[in-house]
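Asks: Note that the numbering used here numbers the sequence shown so that position 245 is 250, with each residue one more than the last.
Even glycine gets a Cβ: it sits at the ideal position worked out from N, Cα and C.
The model shown is predicted, which means the values in this text are computed figures rather than measured ones.
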Amino acid sequence: MTQTTVPAPTSSTPGAAREMPRQPMRLPAALAAARLWRAAGGPAEVELGALEPTLWRDSGLEIDGLISRLAQEGFRVNLTTNGSTLHRLADRLGRCGLSRLRVSWHTTDPALFRQITGFGDYARFERGITRAAALGLPLAFNRLLFKDRCEDLPRQLDFIQHHGLRLKLYDLYWTPAIAADYGRLYQPWAPIIRRHVLPRTARIERVRKASGRSRLRFHLHGGGVVEVKLGSQVDRSAEPCRRCPFQKACLESHGDYLRVDPRLQASLCYLRHDLAFPLDPAGGAGPLRASLAARLGPALPAFLRQGCLRLIIVPFCNQHCSLPGSAGTWCLKASGGYHYPRRERLPTPAP
Ligand code: SF4
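(1) Taking only the alpha-carbon atoms, compute the straight-line gap between P292 and L106 and give it to the nearest angstrom.
(2) Could you tell me how far apart the beta carbons of L190 and L328 are, in whole angstroms, since I believe they sit closer than 8 angstroms?
(3) Is the Cβ-Cβ distance between A44 and A290 less than 8 angstroms?
(4) In the structure shown, what three-state DSSP assignment does F118 receive?
(5) Are the Cβ atoms of L149 and L177 separated by less than 8 angstroms?
(6) Looking only at its chain, what residues have a beta carbon closer than 7 angstroms to the beta carbon of K338, apart from the 5 residues adjacent to it on each side?
(7) With S73 as the anchor, note down where its beta strand (DSSP E) starts and where it stops.
(8) Flag this pair as yes or no: are the beta carbons of A182 and G333 separated by less than 8 angstroms?
(9) Quick test of your reading: L316 and A35, contact by CB under 8 angstroms. State the CB separation rounded to the nearest angstrom.
(10) Go through the residues and name those whose CB comes closer than 7 angstroms to any heavy atom of ligand 1, in chain order.
(11) For I165, does the count of other Cβ atoms within 10 angstroms reach 16, so buried, or fall short, so exposed?
(12) So, for L305: in the same chain, excluding its five sequence neighbours on each side, which residues have a beta-carbon less than 7 angstroms away from its beta-carbon?
(13) Can you tell which of E131, E78, G102 has its C-alpha closest to the C-alpha of V108?
(14) In chain order, which alpha helix (DSSP H) runs of at least 4 residues are fully inside the stretch 132–214?
(15) Would you check if the stretch 94–104 and the stretch 71–85 touch, i.e. whether three or more CB-CB distances between them fall below 8 angstroms?
(16) Whole angstroms are fine: how far does the CA of M25 sit from the CA of Y343?
(17) Rounded to whole angstroms, what's the CA-CA distance from D358 to R136? Just pull it up for me.
(18) Is E232 near R171, with beta carbons less than 8 angstroms apart?
(19) Checking the sheet assignment: what are the DSSP bridge partners for H259?
(20) Name the two residues that bound the continuous alpha helix (DSSP H) containing Q311.
(21) Out of curiosity, what's the CA-to-CA distance linking L301 and P115?
(22) Using 8 angstroms for Cβ pairs, my map puts L280 next to P245. What's the rounded Cβ distance?
(23) Nearest by alpha-carbon distance to G312: which of P250, V51, I68, F251 is it?
(24) Look up L316 in the DSSP assignment and give the residues it is bridged to.
(25) For the candidate residues G260, G123, G125, whose alpha-carbon lies nearest to that of Y275?
(26) Just verifying my parser: in three-state terms, what is the DSSP assignment at T85?
(27) For R205 and P143, I'd like the C-alpha separation in whole angstroms.
(28) Would you kindly work out how many angstroms separate the C-alpha atoms of T122 and H325, rounded to a whole number?
(29) Assuming A243 contacts H224 (C-beta within less than 8 angstroms), just tell me the rounded distance between them.
This is the structure in structure tokens:
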């Protein structure tokens, strides 16, 4: 896929959201959203995801306190973090009932790590993941592939194999903010898999999903798994995808997740904020089911079986990820009205 396949963003591009208040999602709201999702028929599983959820605080609790509360109510809780606080939180995260800890790990090169994250400290990050692995936390990693910046992958694979962990490789998602740089930096996963992963692979598994994209899993000799998402089976024939201006560029399915932001605005799509709808915990599960049915139609049962509730509990981040050699951010939340530290204060990156 190249940038020639996508429309140029204009002032009427759908998806941009108004600036959001800095207030994290309150504890009662997070618990209520999770209960509502389960009551509507969704799995008892919650993803706490981007922006940076380990910065969450409310009612005298930090992130491990929120996870404990959700786990006590019978929810499986998964957390996705940039890893910047793991050196401080790993021990507590090991004691709160967390089911899965996903960490963004896009490079092992300290200079590139700093350039990508804007504010990340690689030595501290590595201390955090090493501690988490030593504690036996249910760790998995996400890596975004950038063209000409994958030569360090063997070092990451060594870590994955040694600890028997999972690494998911992503290709760059197109967003309006990175349209100009997309072709320069887009790296398909297939050549990377052929060069670095297949020589270490003992077995390949294909995982089909009733909703969302299927995956390939490469089980490595001695332990560890590398996973990629397949894009070929995404069906865009139904609304709203059928007439969406981002249809040819979009790498997700409508309804991969139900995302809920701190204002309890819910969305089934990662780019189209104009399609969001309000979640009303006081209204009970009926209105939520009706809202989902109106948007998903016959796909609703599969979505409730395999879909996922993702709570965006913190509307700000302590990093501001950008493309190598560019100020353009690839953070999928960038058009959502969230808050980031200002990269303008950083030195200009080398191309
Ligand atoms: S999921 Fe569908 S509606 Fe959303 S951006 Fe992709 S094509 Fe458009």
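Replies: Looking at the coordinates:
(1) Taking the Cα positions, P292 is about 32 angstroms away from L106.
(2) Sure, about 6 angstroms apart at Cβ, within 8 angstroms.
(3) A contact, by the Cβ cut-off of 8 angstroms.
(4) Three-state result, F118: helix.
(5) For L149 and L177, yes; Cβs fall inside 8 angstroms.
(6) In chain order, A55, L56 place their CB closer than 7 angstroms to the CB of K338, counting only its own chain and leaving out the 5 sequence neighbours on each side.
(7) Membership of S73 in any beta strand (DSSP E) is not indicated; the residue belongs instead to the alpha helix (DSSP H) covering 68–77.
(8) Yes, Cβ-Cβ distance for A182 and G333 is below 8 angstroms.
(9) Confirmed, Cβ separation roughly 6 angstroms.
(10) The answer, residue by residue, is R241, P245, C246, C249, F251, Q252, C255, E257, S258, H259, C274, Y275, L276, R277, L280.
(11) By the 10 Å Cβ count, I165 comes out buried.
(12) Short of 7 angstroms from the beta carbon of L305, and not among the five residues preceding or following it, lie these beta carbons of its own chain, in chain order: L297, A298.
(13) Ranked by Cα distance from V108, the options E131, E78, G102 are led by E131.
(14) Correct list: 158–168, 187–190, 194–197.
(15) Output reads yes: the stretch 94–104 touches the stretch 71–85.
(16) Taking the straight line from one Cα to the other gives about 6 angstroms.
(17) Past the edges of the chain, shown from 6 to 356, lies residue 358, and the structure says nothing about it.
(18) In this structure, R171 lies closer than 8 angstroms to E232 by Cβ.
(19) DSSP output for H259 lists no bridge partner at all.
(20) Start and end: 305–311.
(21) One C-alpha to the other measures close to 43 angstroms.
(22) Contact holds; Cβ gap of about 6 angstroms.
(23) Residue V51 is the option with its Cα nearest to G312.
(24) DSSP lists L53, V265 as partners of L316.
(25) For Y275, the nearest C-alpha among the options comes from G260.
(26) T85: strand per DSSP, three-state reduction.
(27) Their backbone Cα atoms lie some 22 angstroms apart in a straight line.
(28) Near 6 angstroms, if we compare the C-alpha coordinates of H325 and T122.
(29) Actually they do not touch by this definition, with Cβ atoms about 35 angstroms apart.
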